[in-house]
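Protein chains in written order, with the working numbering: chain A, 43 to 163; chain B, 19 to 253.
Built from N, CA and C at the ideal position, the CB exists for glycine as well.
All figures in this text were calculated on a predicted structure; none of them were measured in a lab.
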């Protein structure tokens, strides 16, 4: 089953790469956000099956946005995609109940986690 | 497989190109109107000042003539005429003050809405050109230059992400090379062929990733074709 995905990243270049990868796997990109604030607004409006969330963003970072989204919808599927391999962020993401904390370039891991989520749905 | 939309919506959901074009057209019309208004205000101020000065001179001339001809004691009609001219002068002076206040307000608003944001944009762009990629421009929702501020911030985010990606990938490859060196120093290359292959594969993946990133850019009318930099087709 294809997933309806909301892609959150402040870099247009990275959003494009992530979107292309997800589309090539047959998923539908229902929205793009470039900050945590936009992500929260779009999550409320679109109710996606999955949110791919960057960590470092202007206005509001991904961890804060994820906290707010999970606060409003504890069943939200949030997958952190980042280039920073920081333990502090990783621990925080796990504590929040995120579906994963993966390097943006690690396509096989992204694919595996999304497949697992699809099977659970 | 789900139907894929032509483009992903960004909040608010609208055609970004069309709304951007509309916004720029509105902005241009607004500045044109402000420029025309400023020009008219300047002409009006000039004419008004000239008129007030002429009135003032006329009143003074009449008063001097009256003093010499009737000892400063004019007849009723003349007094009324002088009073009328004086009241006209007062009215024109008030109008001049209002016009100057309007013009001053426009100049002040222009400074607040155009000069200050432009200064911020220039400062941030200059810092970025010097390599301070974390420099940001505050995107004020009501500023006319929010679109440009957003574009500058986007460019900075892109640069940072690409550099971070390159740094991480290079670091990863360096670790793999160090592993290979260690394995080779042990002198048993045949015994650890599988480990060597894994590390070489890591480097290959990293290079492929860097190559794919490079292929997405176009620079100096050239592009990276995966092996070398070639000129772009400019036809």
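With contacts defined as CB atoms closer than 8 Å, residue 97 (chain A) and residue 121 (chain A) fail to qualify as a contacting pair.
By the Cβ-count criterion, residue 181 (chain B) is exposed, with fewer than 16 other Cβ atoms from all chains shown falling within 10 Å of its own Cβ. One thing to note: residue 228 (chain B) has its Cβ within 8 Å of the Cβ of residue 184 (chain B). Taking residue 117 (chain A) as the centre and dropping the five residues before and after it, the same chain places no C-beta closer than 6 Å to its C-beta. By alpha-carbon distance to residue 161 (chain B), the top candidate from B:84, B:134, B:151 and B:153 is B:134. Proximity of residue 78 (chain A) to chain B, defined by a Cβ-Cβ separation below 8 Å, is not satisfied. Rounded to the nearest whole angstrom, the CA to CA distance from residue 81 (chain B) to residue 105 (chain B) is 15 Å. Neighbours of residue 147 (chain A) in chain B, taken as residues whose beta carbon is under 8 Å from its own, are 183, 186, 187 and 227 in chain order. Assigned with DSSP and collapsed to three states, residue 142 (chain A) falls in strand. When the five nearest sequence neighbours on each side are left out, no beta carbon in the same chain lies closer than 7 Å to the beta carbon of residue 83 (chain A). Distance check between residue 149 (chain A) and each of A:55, A:62 and A:119 places A:62 closest, using alpha-carbon atoms only. Taken atom to atom, the span from the alpha-carbon of residue 51 (chain B) to that of residue 44 (chain B) is near 11 Å.
The beta carbon of residue 155 (chain B) sits closer than 7 Å to those of 138, 139, 142, 167, 170 and 171, all from its chain and outside the five residues before and after it, given in chain order. Linking residue 101 (chain A) to residue 175 (chain B) through their CA atoms gives a straight-line distance of about 13 Å.
Contact with chain A is found for residue 154 (chain B), since one of that chain's Cβ atoms lies less than 8 Å from the residue's Cβ.
Around the Cβ of residue 90 (chain A), a 10 Å sphere holds 16 or more other Cβ atoms; the residue is buried. Not a single CB atom of chain A sits nearer than 8 Å to the CB of residue 211 (chain B).
In this structure, residue 103 (chain A) keeps its C-beta atom at 8 Å or more from the C-beta atom of residue 68 (chain A).
Shortest Cα-Cα distance from residue 156 (chain A) to any of A:131, A:93 and A:114 involves A:93. For residue 72 (chain A), there is no enclosing alpha helix (DSSP H); the enclosing beta strand (DSSP E) has its first and last residue at 70-75. A distance below 6 Å between beta-carbons, with the five flanking residues on each side excluded, links residue 59 (chain A) to no residue of its chain.
With contacts defined by Cβ atoms closer than 8 Å, residue 45 (chain A) and residue 159 (chain A) form a contacting pair. Contiguous alpha helix (DSSP H) elements confined to the segment 51-107 of chain A occur at 54-66 and 78-88, taking only those with 4 or more residues. Taking a C-beta cut-off of 8 Å against chain A, the contacting residues of the segment 169-181 of chain B are 171, 172, 175, 176, 178, 179 and 180, listed in chain order. At least one CB atom of chain B sits nearer than 8 Å to the CB of residue 56 (chain A). Under the Cβ criterion of 8 Å, residue 128 (chain A) is not counted among the residues facing chain B. For residue 100 (chain A), the neighbours in chain B by C-beta distance under 7 Å run, in chain order, 154 and 171. For residue 66 (chain A), not one C-beta of chain B is nearer than 8 Å to its own C-beta.
Residue 60 (chain B) and residue 121 (chain B) do touch by the CB rule: their CB atoms are close to 7 Å apart, below 8 Å.
By the Cβ neighbour-count rule, residue 225 (chain B) is exposed, with fewer than 16 other Cβ atoms within 10 Å of its own.
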